[in-house]
Amino acid sequence: MTGYNLLEIVSSCIDLAEQSGKIIRDIFNSGTLDIKMKGEDDPMTVADLKSQQHIIAGLRNHWPDIKIVGEEDCEVPPTQTFPDRTKLQKYSDSAPKDYLNMNKEDVIVFIDPLDATKEFTLGRVHCVMTLIGITYKGVPVGGVIYQPFVDADGLPVPKEQASQWVGRLVWGIVGIPVENLKDKRAPEDKGKVIIVTTASHFNQDIENSIQKIQPDKVLRTGGAGYKTLMVIENLADVYLFSTVGTKLWDIAAPHAILSAVGGTLTQPSGKPVNYTDNLSLVENKNGIVVTIGDHQKYINLLNK
Ligand SMILES: Nc1ncnc2c1ncn2[C@@H]1O[C@H](COP(=O)(O)OS(=O)(=O)O)[C@@H](OP(=O)(O)O)[C@H]1O
Ligand SMILES: [Mg+2]
Ligand SMILES: [Mg+2]
Ligand SMILES: [Mg+2]
Numbered sequence: 110m111t112g113y114n115l116l117e118i119v120s121s122c123i124d125l126a127e128q129s130g131k132i133i134r135d136i137f138n139s140g141t142l143d144i145k146m147k148g149e150d151d152p153m154t155v156a157d158l159k160s161q162q163h164i165i166a167g168l169r170n171h172w173p174d175i176k177i178v179g180e181e182d183c184e185v186p187p188t189q190t191f192p193d194r195t196k197l198q199k200y201s202d203s204a205p206k207d208y209l210n211m212n213k214e215d216v217i218v219f220i221d222p223l224d225a226t227k228e229f230t231l232g233r234v235h236c237v238m239t240l241i242g243i244t245y246k247g248v249p250v251g252g253v254i255y256q257p258f259v260d261a262d263g264l265p266v267p268k269e270q271a272s273q274w275v276g277r278l279v280w281g282i283v284g285i286p287v288e289n290l291k292d293k294r295a296p297e298d299k300g301k302v303i304i305v306t307t308a309s310h311f312n313q314d315i316e317n318s319i320q321k322i323q324p325d326k327v328l329r330t331g332g333a334g335y336k337t338l339m340v341i342e343n344l345a346d347v348y349l350f351s352t353v354g355t356k357l358w359d360i361a362a363p364h365a366i367l368s369a370v371g372g373t374l375t376q377p378s379g380k381p382v383n384y385t386d387n388l389s390l391v392e393n394k395n396g397i398v399v400t401i402g403d404h405q406k407y408i409n410l411l412n413k
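Numbering (the working numbering), first residue to last: 110 to 413.
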């Protein structure tokens with residue numbers, strides 16, 4: 110075989126995301142985040158940097174030429190980390206055959222080394238995640254997310270009980286059932302329409318879009334990955350961010366897992382997102398809409 114094997118890449122990303130989660134926890138516990146502002150309302154910490162460097166160096170040790178789009182602009186010192194490529198071998202017979210020998214030119218790895226940085230700097234760490242998404246021919250096909258600051262069920266744990274931060278991993282490949290997910294909808298919320306949107310980057314565009322849907326409830330929390338996971342686990346019907354702000358690395362990994370469980374992510378117009386390594390096109394300029402149920406119903410409401 111001359112192409113890339115998605116099972117080997119996702120297996121390696123599982124190792125690297127877990128290791129990055131430990132790096133992020135250790136830096137948070139050290140108390141020295143070394144915050145720099147990349148733009149207005151757009152912080153980066155030393156944890157974002159170290160996490161991305163670790164992931165890219167590990168991937169490069171196995172696949173020196175693989176296309177990678179990472180959020181942070183940084184040098185990557187070499188490491189001796191050779192992540193385990195064999196963890197998912199047992200899916201070789203059940204995985205879509207196309208994904209076992211992917212044309213190299215058509216594969217891109219999107220890395221968000223630390224999603225919800227603003228919340229991280231404010232100590233609201235439950236929504237922090239490492240996100241690694243793999244796209245093939247412009248479509249997310251594999252995703253790995255790791256939550257460093259939760260318990261094994263993905264529940265938030267306050268920093269006073271930091272020893273319970275064991276972390277949680279979720280990985281998905283389109284065509285393979287996703288493990289380790291739950292339907293978390295509370296009984297009293299059954300039948301309600303719940304929207305989740307940003308905690309830190311709210312604006313009038315988002316408010317106007319929410320009004321078009323007339324939900325029963327609006328939740329606000331940090332992180333594109335965390336909000337998409339809330340939709341995946343049925344804590345919300347719609348993740349709405351109908352404005353510029355998120356980038357392809359924020360959504361590639363959770364989008365792959367969402368697709369694997371039958372959910373949908375598009376632009377608010379209903380048009381698909383095109384995953385590209387052209388850096389002038391990495392912004393989701395028109396925003397995103399993420400659903401687990403009747404996607405078209407919400408697109409119609411947003412565009413009436
Ligand atoms: N206005 C604006 N400016 C810069 N960046 C923005 C903006 N809105 C959303 N984002 C990006 O979307 C990611 C999730 O944003 P959220 O608002 O949900 O969360 S958070 O504020 O970062 O906690 C978050 O990803 P990370 O940078 O990985 O934290 C932000 O990059
Ligand atoms: Mg950022
Ligand atoms: Mg992000
Ligand atoms: Mg980030």
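C-beta atoms are modelled at their ideal positions from N, C-alpha and C, and glycine is treated no differently.
Label residue i either buried or exposed according to how many other C-beta atoms from any shown protein chain fall within 10 Å of its C-beta, with 16 as the threshold for buried.
{"i": "Pro222", "result": "buried"}
{"i": "Leu338", "result": "buried"}
{"i": "Asn289", "result": "exposed"}
{"i": "Gln270", "result": "exposed"}
{"i": "Ala261", "result": "exposed"}
{"i": "Ala156", "result": "buried"}
{"i": "Glu184", "result": "exposed"}
{"i": "Thr275", "result": "Sequence check: residue 275 is Val here, not Thr. Under this definition Val275 is an exposed residue."}
{"i": "Ala295", "result": "exposed"}
{"i": "Asn317", "result": "exposed"}
{"i": "Asn138", "result": "exposed"}
{"i": "Gly140", "result": "exposed"}
{"i": "Met238", "result": "buried"}
{"i": "Glu214", "result": "exposed"}
Go ahead and pull the three-state DSSP assignment for residue i.
{"i": "Tyr208", "result": "helix"}
{"i": "Trp280", "result": "strand"}
{"i": "Gly232", "result": "coil"}
{"i": "Ile303", "result": "strand"}
{"i": "Lys326", "result": "strand"}
{"i": "Leu158", "result": "helix"}
{"i": "Val266", "result": "coil"}
{"i": "Leu197", "result": "coil"}
{"i": "Tyr407", "result": "helix"}
{"i": "Tyr374", "result": "The displayed chain sequence assigns Leu, not Tyr, to residue 374. Strand at Leu374."}
{"i": "Tyr384", "result": "coil"}
{"i": "Gln128", "result": "helix"}
{"i": "Ile285", "result": "coil"}
{"i": "Val259", "result": "strand"}
Going by the DSSP bridge assignment, what does residue i pair with across the sheet?
{"i": "Glu392", "result": "Lys356"}
{"i": "Gly148", "result": "Asp151"}
{"i": "Phe350", "result": "Ile397"}
{"i": "Met238", "result": "Asp224"}
{"i": "Pro249", "result": "Thr244"}
{"i": "Gly179", "result": "Ile220"}
{"i": "Tyr113", "result": "Met211"}
Note to self: Please output, in chain order, the residues near ligand 3 using a CB cut-off of less than 6 Å to any non-hydrogen atom of the ligand.
What the structure shows: These are the residues, in chain order, with a beta carbon less than 6 Å from any non-hydrogen atom of ligand 3: Asp221, Asp224, Ala333 and Asp359.
Notebook entry, point to check: So does the stretch 329-336 actually touch the stretch 350-370, counting three or more Cβ pairs closer than 8 Å?
Noted result: These segments touch.
Margin query: For the stretch 202-220 against the stretch 302-319, do three or more pairs of beta-carbon atoms, one drawn from each stretch, fall closer than 8 Å, so that the two count as touching?
Written below: Contact between the stretch 202-220 and the stretch 302-319 is absent, because fewer than three Cβ pairs lie under 8 Å.
Note to self: Tell me whether the stretch 113-133 and the stretch 151-169 touch, counting them as touching only if at least three CB pairs, one residue from each stretch, are closer than 8 Å.
What the structure shows: With three or more CB-CB distances shorter than 8 Å, the stretch 113-133 counts as touching the stretch 151-169.
Notebook entry, point to check: Counting Cβ pairs, one atom from each stretch, are 3 or more of them under 8 Å apart for the stretch 187-194 and the stretch 165-176?
Noted result: Because the criterion of three Cβ pairs below 8 Å is met, the stretch 187-194 and the stretch 165-176 touch.
Notebook entry, point to check: Does the stretch 201-217 come close enough to the stretch 245-257 that 3 or more CB-CB pairs lie under 8 Å?
Noted result: The stretch 245-257, when compared against the stretch 201-217, does touch it at the 8 Å Cβ threshold.
Check: If you pair each beta-carbon of the stretch 375-391 with each one of the stretch 297-310, do three or more pairs fall below 8 Å?
Finding: A contact between stretches requires three or more CB pairs, one per stretch, nearer than 8 Å, and the stretch 375-391 fails this requirement with the stretch 297-310.
Check: Do the stretch 349-361 and the stretch 386-405 meet, that is, are 3 or more Cβ pairs less than 8 Å apart?
Finding: Segments in contact, yes.
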